[in-house]
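Presented below is the structure to which this report refers.
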Amino acid sequence: MARDEMSVAVQAIDEIHDVGARGLFEHVGQFDHPVVFRGLARDWPLVRRARESASAAVEYLKGFDSGQPVTAYIGASETAGRIFYNEDVTDTNFNQAGIELGRVLDQLLEHADDPQPPTIYVGSSAIDLCLPGLGSENSLPRGSHRASVRIWIGNRTIVAAHYDAMENIACVCAGQRRFTLFPPEQLANLYVGPMELTPAGQQISMVDLDDPDLERYPRFSEALKHARSAVLEPGDAIYIPCMWWHHVQGLDPFNILINHWWREVPDYMGAPNDALLHAILNIRDLPQSQRAAWRHLFDHYVFNADPDHVEHIPEHSRGVLGTLGEDQARRLRTFLRNKLNR
Amino acid sequence: MSRHELLDNVRHKNLKVDRTYARGRGYDVHVARVFTVELGALQAEYPLFFTRNPTSGHFDIIALLGFDERENLYLDDAGWLAQRIPMTIERGPFLIGFQEQVDNGVPVKVPVVHIDMDHPSVNESQGEPVFLPHGGDSPLLERINTLLATIHAGHPAGEAFTQMLEGLDLIESLELDVEFNDGSRHTLKGLYTIHEERLAGLDADTLGRLHEKGWLRDIYMMLASLPNLGVLVERKNRMIASVDGA
Numbered sequence: 001m002a003r004d005e006m007s008v009a010v011q012a013i014d015e016i017h018d019v020g021a022r023g024l025f026e027h028v029g030q031f032d033h034p035v036v037f038r039g040l041a042r043d044w045p046l047v048r049r050a051r052e053s054a055s056a057a058v059e060y061l062k063g064f065d066s067g068q069p070v071t072a073y074i075g076a077s078e079t080a081g082r083i084f085y086n087e088d089v090t091d092t093n094f095n096q097a098g099i100e101l102g103r104v105l106d107q108l109l110e111h112a113d114d115p116q117p118p119t120i121y122v123g124s125s126a127i128d129l130c131l132p133g134l135g136s137e138n139s140l141p142r143g144s145h146r147a148s149v150r151i152w153i154g155n156r157t158i159v160a161a162h163y164d165a166m167e168n169i170a171c172v173c174a175g176q177r178r179f180t181l182f183p184p185e186q187l188a189n190l191y192v193g194p195m196e197l198t199p200a201g202q203q204i205s206m207v208d209l210d211d212p213d214l215e216r217y218p219r220f221s222e223a224l225k226h227a228r229s230a231v232l233e234p235g236d237a238i239y240i241p242c243m244w245w246h247h248v249q250g251l252d253p254f255n256i257l258i259n260h261w262w263r264e265v266p267d268y269m270g271a272p273n274d275a276l277l278h279a280i281l282n283i284r285d286l287p288q289s290q291r292a293a294w295r296h297l298f299d300h301y302v303f304n305a306d307p308d309h310v311e312h313i314p315e316h317s318r319g320v321l322g323t324l325g326e327d328q329a330r331r332l333r334t335f336l337r338n339k340l341n342r
Numbered sequence: 343m344s345r346h347e348l349l350d351n352v353r354h355k356n357l358k359v360d361r362t363y364a365r366g367r368g369y370d371v372h373v374a375r376v377f378t379v380e381l382g383a384l385q386a387e388y389p390l391f392f393t394r395n396p397t398s399g400h401f402d403i404i405a406l407l408g409f410d411e412r413e414n415l416y417l418d419d420a421g422w423l424a425q426r427i428p429m430t431i432e433r434g435p436f437l438i439g440f441q442e443q444v445d446n447g448v449p450v451k452v453p454v455v456h457i458d459m460d461h462p463s464v465n466e467s468q469g470e471p472v473f474l475p476h477g478g479d480s481p482l483l484e485r486i487n488t489l490l491a492t493i494h495a496g497h498p499a500g501e502a503f504t505q506m507l508e509g510l511d512l513i514e515s516l517e518l519d520v521e522f523n524d525g526s527r528h529t530l531k532g533l534y535t536i537h538e539e540r541l542a543g544l545d546a547d548t549l550g551r552l553h554e555k556g557w558l559r560d561i562y563m564m565l566a567s568l569p570n571l572g573v574l575v576e577r578k579n580r581m582i583a584s585v586d587g588a
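Heads up: the protein sequence lines correspond to chains X and U, in order.
Residue 40 in the numbering used here sits at position 40 of the first sequence, and the numbers go up by one each step.
Residue 359 in the numbering used here sits at position 17 of the second sequence, and the numbers go up by one each step.
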């Protein structure tokens with residue numbers, strides 16, 4: 001079976017036991033690879049209740065429910081939990097609906113013993129909006145970091161490999177969850193889908209990790225050589241470095257995860273993907289020789305920019321080539337905005 | 343008679359809007375909804391009243407433009423006969439629609455620009471382009487974006503104003519009989535205005551609170567606009583005379 005072959009072949013994610021939650025956001029900055037922290041969240045009230053039973057966890061969560069509808073993905077049982085595309089990639093393979101969280105939780109309990117349940121998935125919902133107060137005892141101490149804390153609830157679901165442009169520590173609260181991670185440079189071997197139409201907000205790998213069609217996606221076997229995987233139990237946590245591709249599979253009929261997303265950059269910096277789209281618009285279709293020249297410019301001013309590349313320009317005349325601050329960023333953004341409006 | 347579409351710089355790339363505010367161009371209405379931010383500008387030229395909104399049950403502010411359905415006495419065949427145009431007229435075929443989007447995992451309704459494709463001003467040959475050659479917002483669309491945002495913000499501001507007036511019992515029903523120079527009469531119904539006596543009886547504390555919110559100014563703008571009803575009757579008389587003379 002493909003799954004068994006894979007679990008043998010894929011390297012395990014590094015593990016650290018008995019790490020303290022305090023200061024963890026700074027601590028993970030030293031890692032250039034993913035790390036699993038076993039038992040990090042084992043004492044969270046939500047984790048303790050989920051160990052008791054799914055219904056105990058549901059009852060606990062309902063105590064925080066703001067009544068704010070959340071966006072739920074509902075898929076037919078044939079999708080077997082795969083949050084993906086329809087046959088011809090013109091739409092997703094599930095419907096989206098704004099539903100009260102309490103009703104989603106009830107549906108999960110109703111289908112707990114269903115051998116062929118519908119796919120039920122609520123992803124990336126800000127807990128301050130939908131479950132205010134839950135975070136005070138069920139999230140990591142953030143120190144000076146302004147992290148966004150999200151909850152992910154569902155039954156057996158599979159979200160194919162995708163990246164996020166944020167640092168991430170995710171804590172499994174209920175159910176087993178398998179994470180399979182690929183380093184950023186595996187992009188070309190993951191056969192990534194469209195940018196606009198995405199099942200869960202980010203581009204995903206089109207390859208079925210559990211049953212990869214290697215005739216259609218031959219380079220995926222190379223990606224697998226670089227993959228790292230771990231199955232997390234309730235109370236375990238994982239550090240997913242910014243930009244690492246992660247495939248996430250909920251293995252039980254009732255899964256909850258709470259994650260923390262943060263950026264280590266000034267607020268005035270926008271989404272890097274905006275710059276990528278801008279380059280697709282203005283660079284990609286240039287003649288090859290011009291593109292090669294622009295590669296030099298991008299390397300010089302962006303990718304390899306070190307402080308001395310502008311030392312020959314008096315500091316007061318460096319403009320955007322100098323150190324960007326809040327004010328300089330404002331001017332630059334307005335300049336670009338006006339240029340874009342044509 | 344309207345076909346609303348989400349404004350889209352691909353689907354509507356060649357669209358133009360002929361901004362001639364004249365008879366038969368889609369502006370033949372006898373009332374225009376107005377908002378508190380424009381009362382200062384409008385009170386010099388329009389009679390302003392309250393009407394009861396059948397949906398919300400609360401009061402809206404309106405400028406009276408004519409006496410009969412589809413009679414707009416501020417229009418002639420060439421253009422608009424006033425310096426200032428109410429925002430809900432100026433926006434022409436553009437309107438605010440709402441689109442469901444997901445923000446932080448929560449469904450939210452986001453205001454977006456729609457256009458009424460059946461509005462007489464909408465065409466592909468005459469007027470101002472909606473989009474720049476490569477799909478950017480034209481100066482017209484930038485103006486419309488500002489206008490629609492102001493209208494959007496005007497709804498809660500207007501509601502706060504009229505609900506305060508209701509709370510202080512400062513709105514009174516007005517029934518006015520007007521007679522035109524051909525002897526015909528018209529009874530204005532469903533209009534409300536500020537109750538001046540009760541306003542005069544407010545204590546200093548209440549007036550202070552109204553002043554802080556800018557509402558005292560709005561109240562006096564409404565009152566100052568009322569002589570324009572006479573101007574409107576004059577316009578109607580001139581129209582009757584010109585029809586008779588023709």
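The beta carbon of each residue, even a glycine, is placed where N, CA and C say it ideally should be.
Since the structure is predicted, the reported quantities are computational estimates derived from the model, not experimental observations.
Report yes or no: is there a C-beta of chain U within less than 8 angstroms of the C-beta of N259(X)?
Sequence index remark: in the first sequence, residue 259(X) carries index 259 (1-based). No - not a single Cβ of chain U is within 8 angstroms of the one on N259(X).
Residue ranges of each beta strand (DSSP E) run of no fewer than 3 residues wholly in the region 379 to 409 of chain U, ordered along the chain?
390 to 394 and 401 to 406
If you measure from the beta carbon of N446(U) to each beta carbon in chain X, is any gap under 8 angstroms?
Locating residue 446(U) in the second sequence gives position 104, counting from the first residue. Cβ-Cβ to chain X under 8 angstroms: yes for N446(U).
Chain-ordered chain X contacts of L474(U) [CB-CB under 8 angstroms]:
Here residue 474(U) corresponds to residue number 132 of the second sequence, with the count starting at 1. In chain order: N341 and R342.
I need the DSSP call for M1(X), collapsed to helix, strand or coil.
Looking up residue 1(X) in the first sequence gives position 1. Legend: pLDDT at M1(X) = 41, less than 50; position of this residue unreliable, value from coordinates given subsequently. Assignment of M1(X) by DSSP, reduced to helix, strand and coil, places it in the coil class.
Quick check on DSSP: helix, strand or coil for W557(U)?
Taking the first residue of the second sequence as position 1, residue 557(U) is located at position 215. W557(U) falls in the helix class under three-state DSSP.
Starting from R228(X), follow the beta strand (DSSP E) in both directions and report where the run begins and ends.
The residue you call residue 228(X) lines up with position 228 of the first sequence. That run of the beta strand (DSSP E) goes R228 to L232.
Closest Cβ-Cβ distance between D479(U) and chain X: below 8 angstroms?
Locating residue 479(U) in the second sequence gives position 137, where the first residue counts as 1. Output row for D479(U): interface = yes.
May I ask you to check if the CB of R49(X) is nearer than 7 angstroms to at least one heavy atom of the ligand NAP?
What this structure holds is no ligand at all, so the ligand NAP is not there to describe.
For N155(X), the three-state DSSP class (helix, strand or coil)
If you number the first sequence from 1, residue 155(X) lands on position 155. Coil.
Spatially closest choice to G135(X) from S144(X), S148(X) and G123(X), by CA coordinates:
For the purposes of this step, residue 135(X) is taken as residue 135 along the first sequence, with counting starting at 1. Taking only the C-alpha atoms, the option nearest G135(X) is S148(X).
Determine the extent of the beta strand (DSSP E) in which I427(U) is found, giving its start and end residues.
Along the second sequence, one-based indexing puts residue 427(U) at 85. No beta strand (DSSP E) contains I427(U), which DSSP labels as neither H nor E.
Any idea what DSSP makes of A502(U), helix, strand or coil?
Taking the first residue of the second sequence as position 1, residue 502(U) is located at position 160. Residue state, collapsed to three classes: helix.
Is it the case that the region 179 to 193 of chain X contacts the region 158 to 171 of chain X, given that we only count it when at least three CB pairs across the two stretches are under 8 angstroms?
yes
Terminal residues of the beta strand (DSSP E) in which Q107(X) lies:
Within the first sequence, the letter at position 107 stands for residue 107(X). Counting along the chain, Q107(X) falls outside any beta strand (DSSP E), though it belongs to the alpha helix (DSSP H) covering L101 to E110.
Taking Cβ positions, are I258(X) and N168(X) nearer each other than 8 angstroms?
Residue mapping note: residue 258(X) aligns to position 258 of the first sequence, counting from 1. Residue mapping note: residue 168(X) aligns to position 168 of the first sequence, counting from 1. Using a Cβ distance threshold of 8 angstroms, I258(X) and N168(X) do not count as a contacting pair.
Taking 8 angstroms as the cut-off, does the region 121 to 133 of chain X touch the region 59 to 72 of chain X (at least 3 CB pairs, one atom from each stretch)?
Counting Cβ pairs under 8 angstroms, three or more are found: they touch.
S124(X): buried (16+ other C-beta within 10 angstroms of its C-beta) or exposed?
One-based indexing of the first sequence puts residue 124(X) at position 124. The residue in question, S124(X), is buried, as its Cβ has 16 or more Cβ neighbours within 10 Å.
Report yes or no: do three or more beta-carbon pairs, one from the region 400 to 409 of chain U and one from the region 368 to 382 of chain U, lie closer than 8 angstroms?
yes
Pull up the distance between the alpha-carbon of A329(X) and that of P307(X), whole angstroms please.
Here the question's residue 329(X) lines up with position 329 in the first sequence. Here the question's residue 307(X) lines up with position 307 in the first sequence. Their Cα atoms are separated by approximately 18 angstroms.
Using the C-alpha atoms, what's the distance from R291(X) back to L281(X)?
As a position in the first sequence, residue 281(X) is number 281, starting the count at 1. As a position in the first sequence, residue 291(X) is number 291, starting the count at 1. If I take the Cα positions, the gap works out to 13 angstroms.
Extent of the continuous alpha helix (DSSP H) run through Y60(X)
Within the first sequence, the letter at position 60 stands for residue 60(X). Where Y60(X) is concerned, the enclosing alpha helix (DSSP H) stretches over A54 to K62.
Skipping 5 residues on each side, what residues in its chain have a beta carbon closer than 8 angstroms to that of S55(X)?
Here residue 55(X) refers to the residue found at position 55 when the first sequence is read from its first residue. Cβ neighbours of S55(X) beyond the five flanking positions: L109.
Less than 8 angstroms between the CB atoms is what I'm expecting for L512(U) and L530(U), so what's the real figure, rounded?
For the purposes of this step, residue 512(U) is identified with residue 170 of the second sequence, where counting begins at 1. For the purposes of this step, residue 530(U) is identified with residue 188 of the second sequence, where counting begins at 1. Not confirmed; about 20 angstroms, so no contact.
Own chain residues within Cβ distance below 8 angstroms of P117(X), not counting five before or after
Here residue 117(X) refers to the residue found at position 117 when the first sequence is read from its first residue. For P117(X), where only same-chain residues beyond five positions count, the Cβ hits under 8 angstroms are S77, H111, N155, R156 and P253.
Which chain U residues are close to A126(X), counting only those with a beta carbon under 8 angstroms from its beta carbon?
Looking up residue 126(X) in the first sequence gives position 126. Within chain U, the residues near A126(X) are N446, G447 and V448.
Taking all protein chains shown into account, decide if A41(X) is buried (16 or more other Cβ within 10 angstroms of its Cβ) or exposed.
Stepping through the first sequence from its first residue, residue 41(X) is reached at position 41. A41(X) is buried by the Cβ-count criterion.
Expected contact under 8 angstroms - CB spacing of L251(X) and Q176(X) to nearest Å:
In the first sequence, the residue the question calls residue 251(X) occupies position 251. In the first sequence, the residue the question calls residue 176(X) occupies position 176. Rounded, the Cβ-Cβ distance is 4 angstroms, consistent with contact.
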